[in-house]
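In the working numbering, each residue carries its 1-based index in the sequence shown increased by 748. By construction, the Cβ of each residue, glycine as well, lies at the ideal position given by its N, Cα and C atoms. Because the structure is a prediction, the values reported are computed rather than measured. Heads up, the thing below is written out as structure tokens.
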Amino acid sequence: MRKTTKHQISAILFSCVLAASVASGCVSGQLGKNNSGEYKNGMVVSAHPESSEVGIAILKKGGNAVDAAVAVQFALAVVYPNAGNLGGGGFMVYRSAKGEINALDFREKAASLASRDMYLDSAGNPIVSKSLYGHLAVGVPGSVDGMVE
């Protein structure tokens, strides 16, 4: 896990906003209620209502936004694994209590015995399928490590 620079944070944030903008046009017909408005103490939004309720419960018990985000991530692993699962990884951009803007990169990592030549044939040419299918294509999940961080 590593901390990133402001330039990288801006790029990640821009990508997230762009993805959210595109996705919002795709799912707008699925939204049943209009709960838009201003909220005095905070709010939780996620891909599944049950995971959002978990985040709200954390806030009501005195947790902060990061506590709620972690709880939502773990809840999504149960109620909607396609949106948040323990076998993947991710990014988090957050503002600390001191006002610092930080980003965490907890994407999947290569196994410790992985090498840069493990997907090459004897002539040094890439064998693309080895990086996509089978046991050599598996990464070490980063989700849990990121949530602990």
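Could you check whether Ala816 and Leu713 sit closer than 8 Å to each other, using their CB atoms as the reference points? Residue 713 is absent from the model: the chain starts at 749 and stops at 897.
Starting from Phe822, trace the alpha helix (DSSP H) in both directions and tell me its first and last residue. Where Phe822 is concerned, the enclosing alpha helix (DSSP H) stretches over Ala813 to Val827.
By alpha-carbon positions, which one of Gly887, Tyr881 and Met840 ends up nearest to Ser860? Shortest Cα-Cα distance from Ser860 to any of Gly887, Tyr881 and Met840 involves Gly887.
Select from Phe822, Asn789 and Ser877 the residue whose C-alpha is nearest the C-alpha of Gly810. Cα-wise, what sits closest to Gly810 is Asn789.
Apart from the five residues on each side of it in sequence, which residues of its chain come closer than 8 Å, Cβ to Cβ, to Ser891? Cβ neighbours of Ser891 beyond the five flanking positions: Gln821, Ala825, Gly832, Asn833, Leu834, Gly835, Gly836, Gly837, Gly838 and Phe854.
Check whether the Cβ atoms of Gly803 and Val814 sit closer than 8 Å, and answer yes or no. The Cβ-Cβ distance between Gly803 and Val814 does not fall below 8 Å.
Buried or exposed (CB count within 10 angstroms, at least 16 for buried), Gly894: Under this definition Gly894 is a buried residue.
Quick check on the DSSP output: the alpha helix (DSSP H) that includes Val738 runs from which residue to which? The chain is shown only over 749 to 897; residue 738 falls outside these bounds and no answer can be derived.
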